[in-house]
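Residue numbers (the UniProt record's numbering): 1 to 263. Here a beta-carbon is modelled for each residue, glycine too, at the ideal position from N, C-alpha and C. Predicted model, so just to flag it, every value in this text is computed and none were measured. Below: the structure, in structure tokens.
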Amino acid sequence: MNKKEKALKARLDDLHDQWNRREYVSPDPLETLYDYEDPLDREVVGMVASGLAYGRVAQILISVRRVLGVMGPSPRGWLLANDPAGIEAACTGFVHRFTKDTHMAALLVGIREALLTHGSLKDCFLSGYDARDTTLLPALSAYAKTIKSHRDLPGHLLSDPDGKSACKKANLFLRWMVRCDEVDPGGWHDALPSAKLIIPIDTHMHKISLALGLTTRKAADLKTAVEVTSRLARLCPEDPTRYDFALTRFGIRGELELSELLG
């Protein structure tokens, strides 16, 4: 680690220590996961919340809670107790921007089939995981293909790294599941290393990454996400997405100015 990297790490560590707290999560779709103590339910909630994590956050929360309200106190139990026709009926009329009721039903049916086959989404993901892989992207690709194999599921709800997507929402879901601290609730942290996570990149995080010199790439795509992650791994190799939540508070918290972080 060179002098410039050490200085950046010190600033990011300070930012993390100040802002990586549950009290600063709301408003964020992540907050919906906190209502579920059972990791088997929480992973299902994480799929719904991350899949709908686009658009205005207020509307995201309304949409996520509408789906969860139908599923009751145990989303996993509800999925297993309903057949595909019942799930389709429960989703009738649901709309979140360009996510239609048929799209949401397809996601939930895919999750249900994974639960029936593997017992949990964690074990479904692990079935495609190879410890020799340097990132979780190959396992994510296998996981996405499994969930999508039963219905025509649009990529905006669950992206496959083999495609052209930056996989922001899928990598966000994995951060929630694999990391375990005051903000990220975990559930898969005992089976997968946070060192292999990829930063969830969107236009906002891309702008921050450019400002910090973590990338020079102009596109907010998966290649950029991998590059930004590799730069952050030089600062924190065991947990390169450690700073993600705190960094994304810029633009959300009015008291935070990016110029202060740049020194």
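Looking at the secondary structure, which residues open and close the alpha helix (DSSP H) in which residue 29 lies? First-last for residue 29: undefined, no H or E at that position.
Which same chain residues, not among the five before or five after residue 5, have their C-beta less than 7 Å away from its C-beta? Answer for residue 5: 234, 235, listed in chain order.
Helix, strand or coil at residue 96 [DSSP, three-state]: strand
Among 162, 157, 117, 149, the one whose alpha carbon lies nearest that of residue 138: 162
If you check the beta carbons only, do residue 188 and residue 122 fall under 8 Å apart? yes
Run through the stretch 187 to 231 for me and flag every whole alpha helix (DSSP H) of 4 or more residues, listed as ranges in chain order. 203 to 211
What does the Cβ neighbour count give for residue 69, buried or exposed, with the cut at 16 atoms within 10 Å? exposed
With a threshold of 16 other CB atoms inside 10 Å of the CB of residue 62, please say whether the residue is buried or exposed. exposed
In whole angstroms, give me the CA-to-CA distance for residue 12 and residue 86. Between the alpha carbons of residue 12 and residue 86 lies a distance of about 47 Å.
Candidates 211, 252, 46, of which the one nearest residue 57 by Cα: 252
Roughly how many angstroms separate the alpha carbons of residue 74 and residue 100, rounded to a whole number? 23 Å
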